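Basically my numbering = 1-based index in the sequence shown + 217.
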Amino acid sequence: MMTPLLECLDIVKSFPLPSRRGPWHSRGRFKALDGVSLSLNPGETLALVGESGSGKSTAAKVLGMLLAPEKGEVRFRGRRLPSWGRFGRLPPQRHLSDFRRNVQMVFQDPFTSLNPRLTVGQIVAEPLAIHQRAGPWGSRTARRKRVHAVAEQIGIAKHWLERYPHELSGGQRQRVAIGRALALQPEVLIADEPLSALDVSVQSQVLNLLHDLRTEHRIAYVFISHDLAAVEHLAARIAVMYLGRIVEIAARDALFTSPRHPYTRTLIDAVPRLPSDALTSPAHLPVGEVPSAFEIPRGCAFAPRCPRAAPRCRESRPALTGTGNDDRQFACHFPLED
Ligand SMILES: Nc1ncnc2c1ncn2[C@@H]1O[C@H](COP(=O)(O)OP(=O)(O)O)[C@@H](O)[C@H]1O
Ligand code: SF4
Ligand SMILES: [Mg+2]
């Protein structure tokens, strides 16, 4: 079996429950991630899908080594990355700098993720300067050439390199954020809802850009979205999250044609039928509300909204398991027929 490029194993990450009486009166903690394992092969696109609050961004930050989990580990090229020390510091290590150079992130909001005091050219050049000893970008001329090559890749005209982020449109800013992430020619791009802050008209342009970059440069993506329709054309595998857990993970076609978890089914039913509608209609989510962090049910967390829920579902939590026929897995006591 191929060694995954990037993986996380059995991650647990909890946050203090907010209290109306202020930060010193925490009402305990809740698990934003509860035993999450994911793996990404070279050149693969793995989508992470789930409603708001399901833990997608937390998973992205743990995978990108921006957030310390309480339990579990992150591996890059099959080797465990260093554990976080006290005070949230990571020890310097060659394996970690290889990781930092090769695993890049793009966030949802291109308005806050770019430094307003730097020009577009400086923003794209910054990672090259930071990692100048790791690649062929030791000289200023080499860095300038690389910035121009990136500008061409992301479809930003050369004269825009002298401009500041506030002079750009939302779509252009997200292109710049993608350009900054691509500058070091990474092997992995973790994109956390890169389309959701953009106008509908530019969403498909940015999606096409990500698609082309993958074809040309064999980058592996972790592509995060609350909308299953947005990942349909890009993802090879899809992991569906619900309240901090993965409830189903499968190859894209298997997931769309025969979902086994009732939650996946409701997400698919919400996908508009016509491909041209895919990015324009808001997803219709399953009936009922996502339970709040204060009241996550004891058994299956989806039970309050599940049309198939039976007494057993409220008593015991289903584990994520497979059938052995393929590499799909689901967490449900009464899965849908294959
Ligand atoms: N820094 C934080 N402090 C407290 N709670 C947080 C923090 N980050 C995330 N959460 C909570 O963790 C849960 C998962 O959040 P998140 O990972 O952002 O979900 P998603 O990206 O799927 O919307 C949410 O209930 C959110 O409020
Ligand atoms: S375990 Fe029960 S409640 Fe949970 S998804 Fe399956 S059928 Fe629905
Ligand atoms: Mg998020």
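Beta carbons are placed, not taken as given, at the ideal position from N, Cα and C, and that holds for glycine.
Quick caveat, the model's predicted, so the values are computed rather than measured.
To the nearest angstrom, how far is it from the Cα of S498 to the Cα of G541? At S498 the pLDDT is 43, less than 50, meaning the model places this residue with poor confidence; the figure from the coordinates comes in the next sentence. When rounded, the distance between both Cα atoms is 36 Å.
Less than 8 Å between the C-beta atoms of V323 and A400, yes or no? no
Within 7 Å: the Cβ of P535 and any heavy atom of ligand 2? yes
Look at the Cβ atom of A463, then the Cβ atom of V253, and state whether they are nearer than 8 Å. It should be pointed out that residue 463 corresponds to Ile in this sequence rather than to Ala. The answer is yes: Cβ separation under 8 Å.
Measure how close the beta-carbons of R454 and I466 come, nearest whole angstrom, since I'm counting them as under 8 Å. 7 Å
Which one of L257, L298 and S356 has the shortest CA to CA distance from A452? L257
Simplified DSSP state of L257, which is helix, strand or coil: strand
Answer with buried or exposed for A374, where buried requires no fewer than 16 other C-beta atoms within 10 angstroms of its C-beta. exposed
Below 6 Å from a heavy atom of ligand 1 - residues by beta-carbon: F232, A249, G267, S269, G270, S271, G272, K273, S274, T275 and A510
Any non-hydrogen atom of ligand 2 within 7 Å of A468 CB: no
What are the start and end residues of the alpha helix (DSSP H) that includes G289? No alpha helix (DSSP H) contains G289, which is instead part of the beta strand (DSSP E) from K288 to F293.
Using 8 Å as the threshold, is the C-beta distance between L263 and C225 below it? no
For S442, does the three-state DSSP call read helix, strand or coil? strand
Let me know the secondary structure DSSP gives S498 once reduced to three states. Only weak support is given to the placement of S498: the predicted model assigns it a pLDDT of 43, under 50, and the value that follows is read from those uncertain coordinates. Reduced to three states, the DSSP call for S498 is coil.
Given 7 Å as the limit, tell me if H478 has its C-beta closer than that to any heavy atom belonging to ligand 2. yes
So is L280 in contact with chain E if we call contact Cβ pairs under 8 Å? The chain inventory of the structure shown lacks chain E, comprising one protein chain alone.
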